[in-house]
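Everything below concerns the one structure shown next.
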Amino acid sequence: MLGFFNRLKSGLNRTSSSLVSGIGNIFTKKRLDDTAIEELEDLLLMSDVGYNTSKKLLGALSKEKFGKEVTGEEVRLFLSKGISKILESVSVPLSIDKQRKPYVILFAGVNGSGKTTTIGKLADRFRKEGLKVSLVAGDTFRAAAIEQLKVWGERTCSHVFCGSHGSDSAGLIYDSYQQSQRRGDDVLLIDTAGRLQNKSTLMSEIEKIVRVIKKLDKEAPHSCILVLDATVGQNAHLQVEAFSSILGVTGIIVTKLDGTAKGGVIVSLADKFKIPIHYIGVGEGLEDLQEFKAEDYSAILMGVK
Ligand SMILES: Nc1nc2c(ncn2[C@@H]2O[C@H](COP(=O)(O)OP(=O)(O)OP(=O)(O)O)[C@@H](O)[C@H]2O)c(=O)[nH]1
Ligand SMILES: [Mg+2]
440 MLGFFNRLKS
450 GLNRTSSSLV
460 SGIGNIFTKK
470 RLDDTAIEEL
480 EDLLLMSDVG
490 YNTSKKLLGA
500 LSKEKFGKEV
510 TGEEVRLFLS
520 KGISKILESV
530 SVPLSIDKQR
540 KPYVILFAGV
550 NGSGKTTTIG
560 KLADRFRKEG
570 LKVSLVAGDT
580 FRAAAIEQLK
590 VWGERTCSHV
600 FCGSHGSDSA
610 GLIYDSYQQS
620 QRRGDDVLLI
630 DTAGRLQNKS
640 TLMSEIEKIV
650 RVIKKLDKEA
660 PHSCILVLDA
670 TVGQNAHLQV
680 EAFSSILGVT
690 GIIVTKLDGT
700 AKGGVIVSLA
710 DKFKIPIHYI
720 GVGEGLEDLQ
730 EFKAEDYSAI
740 LMGVK
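Our numbering runs 439 ahead of the 1-based position in the sequence shown.
Here's what the structure looks like:
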């Protein structure tokens, strides 16, 4: 079995190998000149580090090393440190406040971003930590979505609250919250239907869900997590903007980093929004949800560890 670090490393392989070999190609006995900087910028943009963040990282590199002979390894080390600094402040674990019974976590995101799978993975993790977990099948639009969450409930021995297909999601969530309180749950994970950020009716539905939850506890949902698919690259920025304007997004989980060379998107999201990134998904298995750690992530991205 792969250890934690190697699993992350293999998950991020597509992004890191493209950056590492790209940088290696640029710096074969070369001074850091304008052409090299431009080539580096292209590479960073290709991995979705984003324009402003790339400029910032390369500005710092130029300041230190411009005109000097540098090796690819030195450049990677330098960039890795710069990236780690950007990621540090968003590398915040999701901590469950045990005073809240249950601690309510609402999951939102566009279609197929990985909400339901992430809930399953988290339920497994929380259960293994000894917490009593229930799930709510708040995606009442699709019968298959209810079934999918039930399967996760069975796999993780978690209770699943579900209504009938087509029933009102906010109503189901309200009832589930009350019942979860009675059950003495530690954590309540609420799945919601996928919604594109530009579909206003669906966005107002999730606004209603939050309003209804607040009737039971003004401070709930205690976490509002936006699940983002890394393969969409810079579109993730539009999703963060739209969802943040409707919900108080308290944290982000980025999935599918294993399937993409766009792992740099995390760096641009961190730099721009400064919203905590709690976990990252690097595969479909239960163990493939990892706590987000700034130093490991940047070191692996730049192949320095
Ligand atoms: N490779 C990979 N696949 C993932 C990851 N996370 C989720 N998936 C897959 O992505 C697909 C969609 O995941 P779901 O959890 O159903 O996504 P969702 O956001 O609930 O989708 P909707 O409910 O339709 O909006 C599934 O096939 C998952 O197995 C990940 O980190 N890596
Ligand atoms: Mg789903």
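The C-beta atom is built at its ideal place from N, Cα and C for all residues, glycine as well.
Three-state secondary structure (DSSP) at Ser449? Locating residue 449 in the sequence shown gives position 10, counting from the first residue. In the structure shown, Ser449 sits in a helix (DSSP, three-state: H, G or I).
According to DSSP, is Ile652 part of a helix, a strand, or is it coil? Here residue 652 refers to the residue found at position 213 of the sequence shown. It is helical.
Phe517 classed as buried or exposed, judged by whether at least 16 other C-beta atoms fall within 10 angstroms: Taking the sequence shown and counting its residues from 1, one reaches residue 517 at position 78. With 16 or more other CB atoms across the displayed protein chains lying within 10 angstroms of its CB, Phe517 is buried.
Figure out for me which residue from Gly633, Gln673, Ser457, Leu471 has the closest Cα to the Cα of Asp578. The sequence position of residue 578 within the sequence shown is 139, counting from 1. Of Gly633, Gln673, Ser457, Leu471, the residue nearest in Cα terms is Gly633.
Exposure label - Asp563; buried when at least 16 CB within 10 Å: Taking the first residue of the sequence shown as position 1, residue 563 is located at position 124. Burial call: buried.
Could you pull the start and end residues of the alpha helix (DSSP H) that Gln617 belongs to? Reading the sequence shown from its first residue, position 178 is the one you call residue 617. Where Gln617 is concerned, the enclosing alpha helix (DSSP H) starts and stops at 608 to 622.
Is it buried or exposed, Leu533, if we count other Cβ atoms within 10 angstroms and call 16 or more buried? Counted from its first residue, the sequence shown places residue 533 at position 94. With 16 or more other Cβ atoms within 10 Å, it is buried.
By the three-class DSSP mapping on this structure, what secondary structure does Lys540 have? The sequence position of residue 540 within the sequence shown is 101, counting from 1. In the structure shown, Lys540 sits in coil (DSSP, three-state: anything other than H, G, I, E or B).
By the 10 Å Cβ neighbour count, where 16 or more other Cβ atoms means buried, how is Phe546 classified, buried or exposed? The sequence position of residue 546 within the sequence shown is 107, counting from 1. Counting other Cβ atoms within 10 Å of its Cβ, Phe546 reaches 16 or more and is therefore classed as buried.
Taking only runs of the beta strand (DSSP E) that begin and end inside the region 496 to 579, which ones reach a length of at least 3 residues, in chain order? Runs of the beta strand (DSSP E) spanning 3 or more residues and lying entirely within the region 496 to 579 occur at 542 to 547, 572 to 576, in chain order.
Counting pairs of Cβ atoms below 8 Å between the region 615 to 627 and the region 523 to 532, do you hit three or more? Flag = no, the region 615 to 627 and the region 523 to 532 do not touch.
What span of residues does the alpha helix (DSSP H) with Ile719 cover, start to end? By 1-based counting over the sequence shown, the position of residue 719 is 280. Careful: Ile719 lies outside any alpha helix (DSSP H), inside the beta strand (DSSP E) at 716 to 720.
Alpha-carbon to alpha-carbon, Val599 and Tyr542: By 1-based counting over the sequence shown, the position of residue 542 is 103. By 1-based counting over the sequence shown, the position of residue 599 is 160. Taken atom to atom, the span from the alpha-carbon of Tyr542 to that of Val599 is near 16 Å.
Near ligand 1: Val721 beta-carbon under 7 Å from a heavy atom: Translated into positions along the sequence shown, residue 721 becomes position 282. Correct: Val721 has its Cβ closer than 7 Å to ligand 1.
Give, in chain order, every unbroken run of the alpha helix (DSSP H) that is at least 4 residues long and sits entirely within the region 636 to 698. Counting whole runs of 4 or more residues, the region 636 to 698 contains the alpha helix (DSSP H) stretches 639 to 655, 674 to 685.
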